[in-house]
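**Student:**
Chains as they are written, first to last, in the UniProt record's numbering: chain A, 1 to 272; chain B, 1 to 312.
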């Protein structure tokens with residue numbers, strides 16, 4: 001048998017990879033189709049050209065840019081807050097001694113196994129009492145800090161050698177100063193892991209916005225997308241254009257920071 | 001004493017004593033550091049968990065004052081055919097999704113664990129669906145699988161095959177959900193396995209080779225045993241995810257057609273926020289939580305027994 005000029009593995013791997021990519025390719029392709037091409041039977045599989053009508057429709061819609069902004073605000077606040085509160089809490093648990101610290105850490109860890117469904121109704125009632133239901137506040141408050149962020153920072157800080165902090169310590173720096181100017185600059189892997197995972201979970205969340213938000217001007221992109229689908233059932237190109245815009249920030253983030261992204265996800269698996 | 005300590009002559013003992021002196025009385029600072037996380041995390045988990053337990057013994061519509069009904073919610077739940085079928089659908093979904101994604105993930109990871117051209121492109125393509133939200137997946141596949149306008153039926157038509165009902169067919173909908181979840185969720189298992197494969201000790205593989213082990217022998221006796229902790233983690237992680245599936249169902253089928261895709265979490269959501277029987281919903285949520293807890297415990301016991309055996 002003649003030897004192939006390339007590894008035979010390509011014959012298996014290329015179709016396999018294509019299979020995973022195909023739905024996303026189809027998402028892109030259909031977002032630039034004309035509605036006429038989609039609505040005929042059987043629908044076209046290859047567009048006659050690039051038609052930006054769907055994108056124009058979506059971006060010209062009064063609500064869609066608003067949903068994007070809402071999603072962006074909620075995710076940005078969640079990422080920032082998780083970095084700040086997570087690193088503060090994680091540092092205290094890793095390096096400082098205070099009464100009840102072990103018990104508190106244990107309790108925090110225990111909350112990680114509580115399924116969201118168990119807390120969602122009372123959380124809804126709490127948010128209602130705070131007057132936050134149907135505002136972005138209802139989305140922001142529960143995502144300000146997760147036990148996972150605190151725990152991840154703690155695990156990372158514990159592995160740092162104490163000597164690094166000691167010089168600053170002896171020079172009379174306070175804990176906050178040490179955290180900000182000595183510890184955090186060394187904690188880039190932990191910072192990027194928490195940022196990536198927080199962004200992914202807040203940007204992609206649907207369940208909680210579905211419960212906490214009523215009025216469509218307060219929708220997030222994910223929530224808007226699901227109602228958009230019903231309202232514009234014949235305008236599939238527009239729905240797909242909206243879908244592309246929803247997926248794009250995560251996809252771009254992933255392609256730009258692939259290494260950090262994969263490392264953070266793999267580390268959640270390996271340390272579990 | 002601190003004033004005597006020069007830059008070049010720090011006695012480690014003095015240093016430690018100094019550090020100890022300073023850590024005393026750090027309580028208030030420490031509390032300032034942890035209080036935002038403690039307040040938010042415990043406030044929004046421990047309190048709601050207990051509240052939920054109370055709710056499950058009450059009749060509550062989220063608006064008017066609730067009434068104590070004892071175990072009535074649980075009793076009604078155990079007799080509710082809708083809940084029974086939701087449990088059944090969830091179990092079918094879990095029983096298909098977990099093994100297929102973990103074993104498939106392992107197989108794909110083993111194939112991708114080699115240095116050939118374009119390998120990083122292949123890895124990226126397999127993983128990318130994982131970062132797509134369930135809502136976006138649902139909208140995309142509702143379109144692809146639309147019986148009239150979808151690409152899937154268009155393709156079947158070209159191949160001369162009969163058109164399918166897809167999500168409108170009660171016999172297909174649940175399996176389609178499993179397939180979509182496999183498309184997006186297998187990549188996660190692949191990435192975790194790929195990372196773990198880096199940790200397989202090369203000396204062990206070499207030693208096995210020298211002892212005459214073939215490729216399958218090395219896989220069975222060296223690679224798979226090293227991957228066991230990762231596999232256990234993935235089974236647990238995927239099971240927890242599968243038992244809680246909701247977003248994809250909500251976007252694609254809303255539990256239909258004919259209730260064929262009503263899973264437990266959809267049932268819980270429907271009871272609380274659509275029919276406003278929050279107490280009943282809380283009871284169902286507690287039933288799910290207990291199931292999750294048991295699944296976690298069983299797996300941990302199994303793991304402990306295995307490592308115990310290995311130690312002996």
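Every residue, glycine too, gets a C-beta built ideally from N, C-alpha and C. Because the structure is a prediction, the values reported are computed rather than measured.
Classify residue 270 of chain B as buried or exposed, calling it buried when 16 or more other Cβ atoms lie within 10 Å of its own Cβ.
**Tutor:** When all chains shown are included, residue 270 of chain B counts as buried.
**Student:** Once the 5 residues before and after residue 254 of chain B are set aside, which same chain residues still bring their CB inside 6 angstroms of it?
**Tutor:** Excluding positions up to five away in sequence, the list is empty.
**Student:** Locate the alpha helix (DSSP H) running through residue 229 of chain A, then write down its first and last residues.
**Tutor:** Here the alpha helix (DSSP H) through residue 229 of chain A covers 221-231.
**Student:** Would you say residue 300 of chain B lies against chain A (beta-carbon separation less than 9 angstroms)?
**Tutor:** By this cut-off, residue 300 of chain B is not an interface position.
**Student:** Report the residues of the segment 217-246 of chain A with a CB closer than 7 angstroms to any CB of chain B, ordered along the chain.
**Tutor:** Listed in sequence order: 222, 225, 226, 229, 236, 239, 240, 243, 246.
**Student:** For residue 247 of chain B, does the count of other Cβ atoms within 10 angstroms reach 16, so buried, or fall short, so exposed?
**Tutor:** Buried, by the Cβ-count rule.
**Student:** Using a Cβ-Cβ cut-off of 9 angstroms, state whether residue 174 of chain A counts as contacting chain B.
**Tutor:** Taking Cβ atoms only, chain B reaches closer than 9 angstroms to residue 174 of chain A, which makes this a yes.
**Student:** Return helix, strand or coil for residue 2 of chain B, following the three-state DSSP convention.
**Tutor:** A caution first: residue 2 of chain B carries a pLDDT of 44, below 50, which makes its placement in the model too unreliable to give a value.
**Student:** Check the C-beta distance from residue 244 of chain B over to residue 115 of chain A and give it rounded, since I have them as a contact under 8 angstroms.
**Tutor:** Confirmed, about 6 angstroms.
**Student:** Do residue 143 of chain A and residue 86 of chain A have their CB atoms nearer than 9 angstroms?
**Tutor:** Their beta carbons are not under 9 angstroms apart, which means residue 143 of chain A does not touch residue 86 of chain A by this criterion.
**Student:** Identify every residue that forms a DSSP beta bridge with residue 67 of chain B.
**Tutor:** B:59.
**Student:** Rounded to a whole number of angstroms, what is the C-alpha to C-alpha distance between residue 46 of chain B and residue 288 of chain B?
**Tutor:** So the two alpha carbons sit approximately 17 angstroms from each other.
**Student:** Just the C-alpha distance for residue 17 of chain A and residue 104 of chain A, rounded to the nearest angstrom, thanks.
**Tutor:** The alpha-carbon atoms of residue 17 of chain A and residue 104 of chain A are separated by roughly 45 angstroms.
**Student:** Assign residue 96 of chain A to one of three DSSP states: helix, strand, or coil.
**Tutor:** The answer is coil: DSSP assigns residue 96 of chain A none of H, G, I, E or B.
**Student:** Should residue 180 of chain A be listed as close to the ligand MN, given that the test is whether its C-beta is under 8 angstroms from any heavy atom?
**Tutor:** Although the ligand MN was asked about, the structure shown includes no ligands whatsoever.
**Student:** Give me the Cα-Cα distance between residue 262 of chain A and residue 222 of chain A, rounded to the nearest whole angstrom.
**Tutor:** So the two alpha carbons sit approximately 23 angstroms from each other.
**Student:** Kindly indicate which residue of A:106, A:123, A:20 has the alpha-carbon position closest to the one of residue 49 of chain B.
**Tutor:** Nearest of A:106, A:123, A:20 to residue 49 of chain B, Cα basis: A:123.
**Student:** Pick from B:126, B:91, B:90: whose alpha carbon is nearest that of residue 106 of chain B?
**Tutor:** When each option's Cα is compared against that of residue 106 of chain B, the closest is B:126.
**Student:** Using a cut-off of 8 angstroms between C-beta atoms, extract the partners of residue 270 of chain B located in chain A.
**Tutor:** In chain order: nothing, as chain A lies at least about 12 angstroms away.
**Student:** Whose C-beta lies closer than 8 angstroms to the C-beta of residue 257 of chain B among residues of the same chain, with five residues either side of it excluded?
**Tutor:** So the qualifying residues of the chain are 167, 168, 169, 170, 173.
**Student:** Using a Cβ cut-off of 9 angstroms (strictly closer), state whether residue 53 of chain A contacts chain B.
**Tutor:** False, the Cβ-Cβ gap to chain B never drops below 9 angstroms.
**Student:** Looking at the C-beta of residue 97 of chain A, does it have a partner C-beta in chain B at a distance below 9 angstroms?
**Tutor:** Chain B, which has a Cβ nearer than 9 angstroms to the Cβ of residue 97 of chain A, makes this yes.
**Student:** Are the CB atoms of residue 280 of chain B and residue 73 of chain B within a distance shorter than 9 angstroms?
**Tutor:** Contact flag set, yes.
**Student:** Could you say if the segment 202-217 of chain A and the segment 60-76 of chain A meet the contact criterion of at least three C-beta pairs nearer than 8 angstroms?
**Tutor:** Yes: the two stretches touch, three or more of their Cβ pairs being nearer than 8 angstroms.
**Student:** Helix, strand or coil, according to DSSP, for residue 168 of chain B in the structure here?
**Tutor:** Note: residue 168 of chain B maps to helix in three-state DSSP.
**Student:** Which residues mark the beginning and the end of the alpha helix (DSSP H) in which residue 120 of chain A is found?
**Tutor:** 116-129 is the span of the alpha helix (DSSP H), which, as asked, contains residue 120 of chain A.
**Student:** For the segment 44-53 of chain A against the segment 251-266 of chain A, are there 3 or more C-beta pairs whose distance is under 8 angstroms?
**Tutor:** No, the segment 44-53 of chain A is not in contact with the segment 251-266 of chain A.
**Student:** Using a Cβ cut-off of 8 angstroms, pull out every chain B residue sitting near residue 345 of chain A, in sequence order please.
**Tutor:** The requested residue 345 of chain A does not occur in the structure, where chain A is confined to residues 1 to 272.
**Student:** Only counting runs of 4 or more residues, tell me where the alpha helix (DSSP H) segments fall wholly within the segment 206-272 of chain B, in order along the chain.
**Tutor:** Entirely contained in the segment 206-272 of chain B, the alpha helix (DSSP H) runs reaching 4 residues are, in chain order, 215-218, 224-243, 247-252.
**Student:** Going along the chain, which residues of the segment 123-145 of chain B sit with their C-beta nearer than 9 angstroms to a C-beta in chain A?
**Tutor:** Hits within the stretch, in order: 123, 124, 125, 126, 127, 128, 129, 130, 131, 132, 133, 134, 135, 136, 137, 138, 139, 140, 141, 142, 143, 144.
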